[in-house]
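Visitor: Going from the sequence shown to the numbering used here is simple: count from 1 and add 146.
We put the CB at the ideal spot given by N, CA and C, even for glycine.
Predicted model only: the values in this text are computed from it and were never measured.
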Amino acid sequence: MVIGFNKQFPDKIIAGTKLHTIREDVHNRWRAGMTMHMATGVRTKQYKCFKLDVCNGTQIIEIKWSRLYKDAPRAAVYVDDRCIGSYTNMYPSGFLKVLARNDGFDSVQEFFEWFKEDFKGKLIHWTDLRY
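(1) Are three or more beta carbon pairs between the stretch 213 to 230 and the stretch 170 to 186 nearer than 8 Å?
(2) Which of the three DSSP states is assigned to W260 in this structure?
(3) Please return the same chain residues whose Cβ sits closer than 7 Å to the Cβ of V254, not counting the five positions on each side in sequence.
(4) Compute the distance between the beta-carbons of G250 and K158, then report whether it is under 8 Å.
(5) Do you know how far the Cα of G231 is from the Cα of N296?
(6) Tell me which same chain residues have a C-beta within less than 7 Å of the C-beta of S129, skipping the five on either side of it?
(7) Would you mind working out which of L269, L165 and C201 sits nearest V148, comparing C-alpha positions?
(8) For C229, list the residues DSSP reports as bridge partners.
(9) Based on the DSSP secondary-structure assignment, which residues constitute the bridge partners of C195?
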């Protein structure tokens with residue numbers, strides 16, 4: 147199955163620093179064993195498949211935003227219904243640094259600029275890594 151990526155991610159996937167991707171999966175399409183055609187420019191003339199791999203497994207991920215003291219935003223991240231960390235713009239938990247880096251972001255702040263609203267989906271793995 148084709149899975150599209152923003153142009154900032156292919157080099158990190160090829161280098162082995164982006165170890166998974168986070169996607170909505172309303173129809174439960176992604177499962178272990180599926181061939182992944184990793185590409186940029188999906189559904190355009192600029193389509194380019196840069197890597198073939200196999201989905202090694204999935205995990206459920208949920209990001210829940212709330213407000214703290216003086217309206218400071220806070221995000222809690224759950225993987226398979228376990229809270230793995232929380233984030234405010236001043237105090238990201240250490241484990242979220244690992245998650246953000248493994249998802250191809252340079253910082254926790256950049257990760258949460260991408261996921262700036264409540265989100266529920268899947269971590270799609272092509273390595274043995276699990277949280």
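Guide: By the coordinates alone:
(1) No: the two stretches stay apart, fewer than three of their Cβ pairs being nearer than 8 Å.
(2) Along the sequence shown, read from residue 1 onward, the residue named residue 260 stands at position 114. It is helical.
(3) By 1-based counting over the sequence shown, the position of residue 254 is 108. Cβ-Cβ distances below 7 Å link V254 to Y233, P238, L242, K243 and A246 in the same chain, with the five nearest sequence neighbours on each side left out; the list follows chain order.
(4) Locating residue 250 in the sequence shown gives position 104, where the first residue counts as 1. Locating residue 158 in the sequence shown gives position 12, where the first residue counts as 1. It is a contact, given that the beta carbons lie within the stated cut-off.
(5) Here the chain comprises residues numbered 147 to 277, so residue 296 is not present and cannot be evaluated.
(6) Past the boundaries of the shown model lies residue 129; the chain is included only from 147 to 277, so the question cannot be answered.
(7) Taking the first residue of the sequence shown as position 1, residue 148 is located at position 2. Nearest C-alpha to V148: C201.
(8) For this step, residue 229 is matched to residue 83 along the sequence shown. Y224, per the DSSP bridge assignment.
(9) To locate residue 195, count along the sequence shown from 1; it is residue 49. DSSP lists A185 as the beta-bridge partner residues of C195.
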